[in-house]
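Plus 14 on top of the position in the sequence shown (first one is 1) and you've got this note's numbering.
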Amino acid sequence: MDTVTRKSLIYHTGIGGTGAYAATHVVGCSHGCRFPCYAFLMMQRFGKVATYEEWCRPQLVANALQLAQKELPRLRDKAHYVHLSFATDAFMYLHPEVVTLTLQLMHLINSYDIPVHTLTKGVIPEEALQLSHHNQFGITLVSVDEDFRTRYEPGTAPYPERIAGLRRAHDLGFHCFVNMEPYPTPNIWQQDILHVLEAVDFVDEIRLGQLNYNDIVKQYPGWRAFYRQTGVIARDWCAAHGIGYGGIAAADTPRPRRRASDPGDLFSA
């Protein structure tokens, strides 16, 4: 795998509160999601990649561990957690070199008593489950139909593998969550959201979000009403199952909005 170097690694993010930090230790993602992918769009916007094909050829940040060793000491009393990652996949499917770097970073961050949150469309490795129990693990899951995955998430882990990895984390006592985002409208894919929810009825938290940056969504009659109704279904189902819920139709509290500077932070040199 090719490499790049950066001048900094860990940054404060406007998502998740005052003590929320994140790191981008890989540039690009072989999953090649075609929703389209927000991170890819931002990469193009900031001139970091020119094409989808280039985006799908990930590059390791060669000096990621050295940067983390330099930056972590001053975050010990500031960071409530570090998220890996908003701009790539921490456990990129079929890329052991990415997984190895992620595990090394997790171990290093945990050594400063800072938890790590990960989100993946890959498979959570057993080695990650031997680290701090303050860490949290999540998967992105917007369908359980393998035909959907093949079309829209071509390089990702099959849904049964993805869910099984999260269940292993749950069974070992880790806090587990599911990002059900970006959720498709019926003119993109016909499905019952209850089938998706029931596949992850063991998790602690589910977050539902609509599909953005795709004009096909707005071609569906009543697309706003569809998302409101779907949000109510998900919220009520989670309440009935004792699962925390966030996102569309969540009561009262608005979701934190991304600061305008964040996309640049994700991909800064």
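In this text, a Cβ means the ideal position worked out from N, Cα and C, and glycines have one as well.
The beta strand (DSSP E) enclosing residue i, as first and last residue numbers
i, result
"threonine 154", "150–154"
"tyrosine 197", "189–197"
"histidine 131", "130–134"
"glutamate 219", "219–224"
"leucine 74", "73–75"
Three-state secondary structure assigned by DSSP to residue i
i, result
"glycine 245", "helix"
"glycine 256", "coil"
"threonine 19", "coil"
"valine 113", "helix"
"aspartate 276", "Note that aspartate 276 scores 42 on pLDDT, short of 50, meaning its location in the model is unreliable; the coordinates nonetheless yield the value given after this. Looking at aspartate 276 - three-state DSSP - the assignment turns out to be helix."
"methionine 106", "coil"
"lysine 62", "coil"
"aspartate 250", "helix"
"glutamate 167", "coil"
"tyrosine 126", "coil"
"serine 282", "Because the pLDDT at serine 282 is just 44, under 50, the model does not fix this residue reliably, and the value given afterwards should be weighed accordingly. Coil, per DSSP."
"arginine 88", "helix"
"leucine 55", "helix"
"arginine 271", "Low confidence applies to arginine 271: its pLDDT is 44, below 50, so where it sits in the model is not reliable, and the reading given next is rough at best. In this structure, arginine 271 counts as coil in the three-state DSSP scheme."
"glutamine 204", "coil"
"phenylalanine 49", "coil"
"leucine 1", "With the chain represented from 15 up to 283, any question about residue 1 goes unanswered, as that position is not in the structure."
"phenylalanine 240", "helix"
"alanine 82", "helix"
Bridge-paired residues (DSSP) for residue i
i, result
"tyrosine 35", "His26, Val96"
"valine 40", "Leu74"
"glycine 261", "Leu222"
Residue i and residue j closer than 8 Å at C-beta
i, j, result
"leucine 23", "valine 63", "no"
"aspartate 218", "cysteine 190", "yes"
"proline 198", "valine 156", "yes"
"glycine 46", "proline 168", "yes"
"glutamine 73", "valine 18", "yes"
"phenylalanine 100", "phenylalanine 151", "no"
"glutamate 175", "valine 137", "yes"
"threonine 170", "arginine 181", "no"
"alanine 264", "arginine 242", "no"
"isoleucine 207", "threonine 244", "yes"
"phenylalanine 54", "tyrosine 66", "yes"
"leucine 222", "isoleucine 262", "yes"
"alanine 142", "leucine 119", "no"
"arginine 71", "glycine 42", "yes"
"leucine 79", "leucine 122", "yes"
"isoleucine 128", "alanine 93", "yes"
"isoleucine 247", "valine 192", "no"
"aspartate 229", "histidine 255", "no"
"tyrosine 234", "proline 200", "yes"
"serine 44", "histidine 148", "no"
Within-8 Å CB hit, residue i to chain B
i, result
"leucine 23", "Looking at the structure shown, chain B is missing, and only one protein chain is on hand."
Where the alpha helix (DSSP H) containing residue i begins and where it ends
i, result
"glycine 179", "173–185"
"leucine 208", "207–213"
"asparagine 158", "The sequence as given places valine at residue 158; asparagine does not occur at that position. Neither: valine 158 is in no alpha helix (DSSP H) and is coded neither H nor E."
"tyrosine 66", "66–69"
"isoleucine 230", "229–232"
Problem - Contact the stretch 130–147 vs the stretch 98–116: 3+ CB pairs below 8 Å - result: yes
Practice task
Inspect the CB distances between the stretch 91–100 and the stretch 30–40 and report whether three or more fall short of 8 Å.
Solution key: yes
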